């Protein structure tokens, strides 16, 4: 979902990956092993860090493959910048102040990439659970809807 600001800029407000066609009827903060909601204070959340203004969705297999590829390339060329692998394709989807890409990297793993709200920061994700309590989707909130 994209929000248009008064300035005319558009920013990605939410990113979603759907796992089923079921409707999400309940939302739960996504956590990793060892993260417990009871340890959070009011207005705190678990999320993921963004240092390049881009977020992504991928599975564990893709993360391992991409990390190994990036490590290998960086050893070959310490000026290697992984984002450049996608720059041309991202440019094709570019809109003023945001872009996105869903691709199969090296014909091996899938990745969905997107600009993150106002860029760098920490962003929470939420599981959208269906009527059976099963994940129907995952949504990242880029914390701009109140701005």
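Residue numbers (the working numbering): -9 to 137.
For every residue, glycine included, the Cβ atom is placed at its ideal position computed from N, Cα and C.
Source: prediction; values computed, not measured.
Query	Result
Between residue 24 and residue 105, is the Cβ-Cβ spacing less than 8 Å?	no
Just to confirm the assignment: which complete beta strand (DSSP E) runs, minimum length 3, are found wholly within the stretch -1 to 36?	0 to 2, 4 to 8, 16 to 19
What residue range does the beta strand (DSSP E) around residue 131 cover?	125 to 131
Could you tell me whether the Cβ atoms of residue 117 and residue 20 are closer together than 8 Å?	yes
Give a single yes or no on whether residue 99 has its beta carbon closer than 7 Å to a heavy atom of the ligand MN.	Inclusion of the ligand MN in the displayed structure is not the case, the ligand content being empty and no account of it being possible.
Bridge partners for residue 102 per DSSP, in chain order?	47, 92
Could you give the first and the last residue of the continuous alpha helix (DSSP H) run that contains residue 80?	77 to 82
So what's residue 72 in DSSP terms, helix, strand or just coil?	helix
Of the residues 53, 83, 120, which one's Cα is nearest the Cα of residue 72?	53
Touch check for the stretch -5 to 12 and the stretch 119 to 130: three-plus C-beta pairs under 8 Å?	yes
What are the boundary residues of the beta strand (DSSP E) that residue -9 is part of?	Element bounds for residue -9: n/a, residue is neither H nor E.
When you compare the CB positions of residue 3 and residue 132, do they come within less than 8 Å of one another, or not?	yes
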